[in-house]
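Okay, so here's the structure we're looking at.
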Amino acid sequence: MMDRRDVTAALAALSLGAIRPALALSEPAPERPLRIAMLLYPGMTALDVVGPQAFLAGLSPGTLHLVAKAEGPVPSDTGLSLLATTSLAACPGDLDVLFVPGGDGTPAQMRDPEIRAFLRDRAARAGWVASVCTGSLILGAAGLLEGYRATSHWCVRDAVLPLLGAEPVDERVVFDRNRVTAAGVSAGLDLGLALAARLRGADYARTSQLVAAYAPQPPFRAGTPEEAGPAITEAARRILETLTTDARAAARDLQRR
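Going left to right, the sequence shown walks through residues -24 to -1, 1 to 233 as mature numbering (1 follows the signal peptide of the UniProt record, and there is no 0) numbers them.
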């Protein structure tokens, strides 16, 4: 039975040409390991990172960088830590994918000039600039979504994205030129597959999906406010109120500068 390392190696081999997709969604990138940087910061949501990383790791054996201000463990918003392998300063300058997750720590990152400067610098040369959940607000705070269609977590999508110059879109994954943004948390899995398809073709993405047995059948239909109904939505809004309020305040502060 294959373990996780075997699966990653197999997908890496697939991405490097073992299968040449007949139905590529765009012209495939050169068949080399891709350079991917995924930002980590205190208070991120771990699944925002781990979901897409599961589908992108096979594209970047040895060249996927988990980037933070300093190498070492970075705590998520539920206490689970992820290990940063590369500092901001050591992150490669030319990237195929620059990725930003969301989480409770989003407002602090929106206000952080070092993070904003890092994102602006790397995005200027990146093939794709991507985010999951409220990570799009961090991109927006860096000026990287002005004039772009984008999505985010439903609690901030329509209220905060316009303050950052973006056009909010109520979709699971939104592509606009080389920007790709995903809705809340679990949508990161969809972003990982959609982006893998753009980078290596539809057959690669389908194979990744099958390896992961990604065939969601949630026990409840409550993943959007429309499905959840008013009472559940109000309970969720109360849980998310601090994040929503602080993100809106950070965006307004940036507008005043």
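Using N, Cα and C, we set each Cβ at its ideal position, and we do this for glycine too.
*Are the segment 40 to 52 and the segment 189 to 207 touching by the rule of at least three beta carbon pairs closer than 8 Å?*
no
*Taking Cβ positions, are T21 and G78 nearer each other than 7 Å?*
Yes, they are a contact pair.
*Nearest-angstrom Cα separation, counted from T221 out to L169*: 31 Å
_Identity of the residue in A198, D72 and L120 nearest A142 by Cα_ = L120
*Tell me, please, which residues DSSP counts as bridged to E143.*
For E143, the pairing in a beta bridge is given by DSSP as R125.
*asked:* Just to confirm my understanding: we take Y17, look at its own chain, exclude 5 residues before and 5 after, and list those with CB closer than 6 Å. What are they?
replied: G81 and Q85
*asked:* Distance check for L42 and R153, CA to CA, integer angstroms please.
replied: In this structure, the CA atom of R153 is about 24 Å from the CA atom of L42.
_I need the boundaries of the alpha helix (DSSP H) containing residue 244, first residue and last residue._
Absent from the structure is residue 244, since the part of the chain shown begins at -24 and ends at 233.
*Looking at the structure shown, is G160 part of a helix, part of a strand, or coil, going by DSSP?*
coil
_Mapping the DSSP letters down to three states, classify S36 as helix, strand or coil._
coil
*By Cβ distance below 7 Å, which residues in the same chain neighbour G38 in space, the five residues on each side in sequence not counted?*
P9
*Per-residue DSSP class, three states only, for S2*: At S2, the pLDDT of 45 sits below 50, so the modelled position is not reliable and the matter cannot be decided from this model.
*Residue range of the beta strand (DSSP E) that residue 282 falls in?*
Because the chain in this structure spans residues -24 to 233, residue 282 falls outside the shown range and cannot be described.
*Compute the distance between the beta-carbons of A198 and A204, then report whether it is under 7 Å.*
When the beta-carbon positions are compared, A198 and A204 come within less than 7 Å of each other.
_Quick check: P89 and R11, are their CB atoms within less than 7 Å of each other?_
No, the pair does not count as a contact, with Cβ atoms beyond the cut-off.
*Can you tell me which of the three DSSP states P51 falls into?*
strand
*Rank G27, R133, T61 and T127 by C-alpha distance to the C-alpha of P216 and give the top, closest one.*
The sequence shown places Leu at residue 216, rather than the Pro named in the question. Comparing Cα-Cα distances from L216 to each of G27, R133, T61 and T127, the minimum goes to R133.
*Length of the line joining the Cα atoms of D229 and F31*: 36 Å
*Cβ pair P83, A226 closer than 7 Å*: yes
_A191 (DSSP reduced to helix, strand or coil)_ = A191 falls in the coil class under three-state DSSP.
_From R98, R232 and V73, residue whose alpha carbon lies closest to that of A66_ = R98
*asked:* Closest to A44 by C-alpha separation, out of L35, G34, L139 and L58, would be which residue?
replied: L58
*Does the separation of the CB atoms of L167 and V108 fall below 7 Å?*
Yes; because the gap between Cβ atoms is below 7 Å, this pair is in contact.
*DSSP beta-bridge partners for W104?*
Answer is V73, bridged to W104.
*Quick one, which of V105, A181, G177 and D146 has its alpha-carbon nearest L165's?*
Of V105, A181, G177 and D146, the residue nearest in Cα terms is A181.
*R92 by DSSP, collapsed to three states: which one?*
helix
_By the DSSP assignment, the alpha helix (DSSP H) with V132 in it spans what residues?_
Per DSSP, V132 belongs to no alpha helix (DSSP H) and is neither H nor E.
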